[in-house]
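Undergrad: Numbering (this note's numbering), first residue to last: 119 to 553. All C-beta atoms in this analysis are idealised placements derived from N, C-alpha and C, irrespective of residue type, glycine included. Note that this is a predicted model, so its numbers are computed, not measured. Structure incoming, see below.
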Ligand code: GLU
């Protein structure tokens, strides 16, 4: 192993869990996993330096006329982490917690995620610091359009293709597509994915991340010799990823005993009727008040005695504090970065099989890729075709990562990083350094 891999001059984090500067910093969490995989791959020092840095970070101020006639200025960020394998790809989130570090980490995760499932994209992420729940539809539209104008220089079907993420949806994607198209003077559907079906969206895209989680959970159960029928599952997060994962796992025969969202969690050992809970949330916006189970906290949900735990909300929910108490046999990371790097070692010691985020939730970007292909070809696939192709890609990627983890005697996360970093590194080697 080259010594400068162990002691890079610009190191932010050392791959030693006791030396974390801040367990909650997602960029450090990403980097420490990257460092470990780079070390195992014996990645050459030059490429190591290249892959530790984002290619571009853009911060824009977005003045918006609010409904009360006052001007508010929001901060928007877009980070292109690496575009060696293709156009930058990654969602845009609207949230009060958005920071440059977080968006950079998420952009790096997108780079590794696209490489794990081998879709020809690089990685990007965007974020706007705002509280969308307190904004009207008009305010959100004006903010989206102003942010899109601000990052226009990056966007394009061949350069940077956003998608939905936390608190953004098809409607937001439609505004982005329209703003971009108006400036280009012609309609460009392939500039975003996760659009409404009527304007170039793909069938199956909305459910894709949750469906992907279902496929990899089934693979993990088979690998561990556990049956799908009667497997108990707790799902944290009841947005697009959590609710669809729960619904599809229930359809496969799993028993969903706990679900939770930002308003709290519900536990019912007899099993929760997920379709009913989804209908409730559609009407009431949150799970609060859904009486068909015992009310518990989200922290309690994470440490329930279940077979499968699906953290499908935000980052840093599994930490050194609660990891020792987790009882699930399998963790399927529906969210990006739900486990801190320092907690990894604890989960390993407990023998918990973790399907890492960059594999577990890659179904979303996989169908984004299918959407982009369909837009560019102008020919649209049936939902069955989308779902079958998604299943094939998720199952193959799971098996590739599992194989590598056995070969190198490492956990699934390290194997997933090794696979993706080696794919990105290979392209860098082939392309060489432009001067
Ligand atoms: N936001 C999703 C993710 O984190 C989807 C990204 C995309 O489809 O580009 O994977």
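1) Excluding the 5 residues flanking residue 537 on each side, which residues of the same chain have their C-beta closer than 8 Å to its C-beta?
2) Count the other C-beta atoms from every protein chain shown that fall within 10 angstroms of the C-beta of residue 229, then say buried if there are 16 or more, exposed otherwise.
3) By the three-class DSSP mapping on this structure, what secondary structure does residue 232 have?
4) Does the distance between the C-beta of residue 357 and the nearest non-hydrogen atom of the ligand GLU fall short of 7 Å?
5) Could you pull the start and end residues of the alpha helix (DSSP H) that residue 154 belongs to?
6) Is the distance from the Cβ of residue 241 to the Cβ of residue 206 below 8 Å?
7) Pull up the distance between the alpha-carbon of residue 188 and that of residue 326, whole angstroms please.
8) Output the boundary residues of the alpha helix (DSSP H) element that contains residue 268.
9) Considering only the beta carbon of each residue, do residue 336 and residue 370 sit closer than 8 Å?
10) Would you list the one or two residues that DSSP bridges to residue 174?
11) Do the CB positions of residue 449 and residue 414 come within less than 8 Å of each other?
12) Using the C-alpha atoms, what's the distance from residue 514 back to residue 190?
13) What number of angstroms, rounded off, separates the C-alpha of residue 534 from the C-alpha of residue 406?
14) Any idea what DSSP makes of residue 398, helix, strand or coil?
15) Quick check on residue 211: does DSSP put it in helix, strand or coil?
16) Hey, would you say residue 376 sits closer than 8 Å to residue 352, going by beta carbons?
17) Since residue 347 is in the beta strand (DSSP E), which residue starts that stretch and which ends it?
18) List the endpoints of the continuous alpha helix (DSSP H) containing residue 497.
19) Classify residue 552 as helix, strand or coil using the three-state DSSP reduction.
20) Excluding the 5 residues preceding and the 5 following residue 540 in the sequence, name in chain order all residues of the same chain whose CB lies nearer than 7 Å to its CB.
21) Could you check if residue 533 belongs to the surroundings of the ligand GLU, using beta carbon to heavy atom distance under 7 Å?
22) Thinking C-beta only, is residue 311 closer than 8 Å to residue 486?
23) Taking just the CA atoms, how far does residue 402 sit from residue 373?
24) May I have the straight-line CA-CA distance separating residue 271 from residue 545, to the nearest angstrom?
25) Any chance the region 424-439 sits against the region 385-395, with 3 or more Cβ pairs inside 8 Å?
26) Please identify the residue among 301, 156, 530, 179 whose C-alpha is closest to the C-alpha of residue 593.
27) By Cβ distance, which residues of its chain are closer than 6 Å to residue 145, with the 5 residues on each side in sequence left out?
28) For residue 268, collect the residues of the same chain with a Cβ closer than 7 Å to its Cβ; drop the 5 residues on either side in sequence, then sort them by chain order.
29) Count the other CB atoms within 10 Å of the CB of residue 547; is the residue buried (16 or more) or exposed (fewer)?
30) In whole angstroms, what separates the C-alpha of residue 290 from that of residue 456?
31) At the level of alpha carbons, what is the spacing between residue 356 and residue 182?
32) Check this for me: beta carbons of residue 209 and residue 281, under 8 Å apart or not?
33) Does DSSP put residue 128 in a helix, in a strand, or in coil?
34) With a CB to CB cut of under 8 Å and the five nearest residues on each side skipped, what residues in its chain are close to residue 436?
35) To the nearest angstrom, how far is it from the Cα of residue 378 to the Cα of residue 385?
TA: In short:
1) The beta carbon of residue 537 sits closer than 8 Å to those of 233, 234, 518, 519, 522, all from its chain and outside the five residues before and after it, given in chain order.
2) Its Cβ being crowded by 16 or more others within 10 Å, residue 229 is buried.
3) Residue 232 sits in a helix when the DSSP states are folded into three classes.
4) Incorrect: residue 357 has no Cβ contact closer than 7 Å to the ligand GLU.
5) From DSSP, the alpha helix (DSSP H) with residue 154 extends over 144-159.
6) Yes, the pair counts as a contact, with Cβ atoms nearer than the cut-off.
7) So the alpha carbons of these two residues sit roughly 39 Å apart.
8) 255-268 is the extent of the alpha helix (DSSP H) around residue 268.
9) Judged by beta-carbon spacing, residue 370 lies within the 8 Å limit of residue 336, meaning their Cβ atoms are closer than that value.
10) Answer by DSSP bridge pairing, in chain order: 198.
11) In this structure, residue 449 sits away from residue 414, with a CB-CB distance that is not shorter than 8 Å.
12) Straight-line measurement puts the Cα of residue 514 at about 47 Å from the Cα of residue 190.
13) Taking the straight line from one Cα to the other gives about 36 Å.
14) Of the three classes helix, strand and coil, the one that applies to residue 398 here is helix, per DSSP.
15) Strand, per DSSP.
16) The criterion of a C-beta distance shorter than 8 Å is satisfied by residue 376 and residue 352.
17) From DSSP, residue 347 is part of no beta strand (DSSP E); its letter is neither H nor E.
18) Taken as a continuous stretch (DSSP letters only), residue 497 belongs to no alpha helix (DSSP H), as it is neither H nor E.
19) Of the three classes helix, strand and coil, the one that applies to residue 552 here is coil, per DSSP.
20) Correct list, in chain order: 159.
21) Not under cutoff, so the answer is no.
22) Less than 8 Å divides the Cβ of residue 486 from the Cβ of residue 311.
23) Cα atoms of residue 373 and residue 402: separation of roughly 24 Å, rounded to the nearest angstrom.
24) Roughly 25 Å between the two C-alpha positions.
25) As far as the Cβ criterion goes, the region 424-439 does not touch the region 385-395, which means the pair count is below three.
26) Past the edges of the chain, shown from 119 to 553, lies residue 593, and the structure says nothing about it.
27) Counting only Cβ-Cβ distances below 6 Å, and skipping sequence neighbours, we find 219, 222, 223.
28) Cβ within range, chain order: 178, 180, 194.
29) It counts as exposed.
30) C-alpha separation (whole angstroms): 25 Å.
31) Cα atoms of residue 356 and residue 182: separation of roughly 30 Å, rounded to the nearest angstrom.
32) Yes, they are a contact pair.
33) Here residue 128 scores only 34 on pLDDT, less than 50, and its place in the model should not be relied on; the value that follows carries that caveat. Reduced to three states, the DSSP call for residue 128 is coil.
34) So the list reads 420, 429, 444, 449, 456, 457, 458, 461, 465, once near-sequence residues are dropped.
35) Whole-angstrom Cα-Cα distance: 9 Å.
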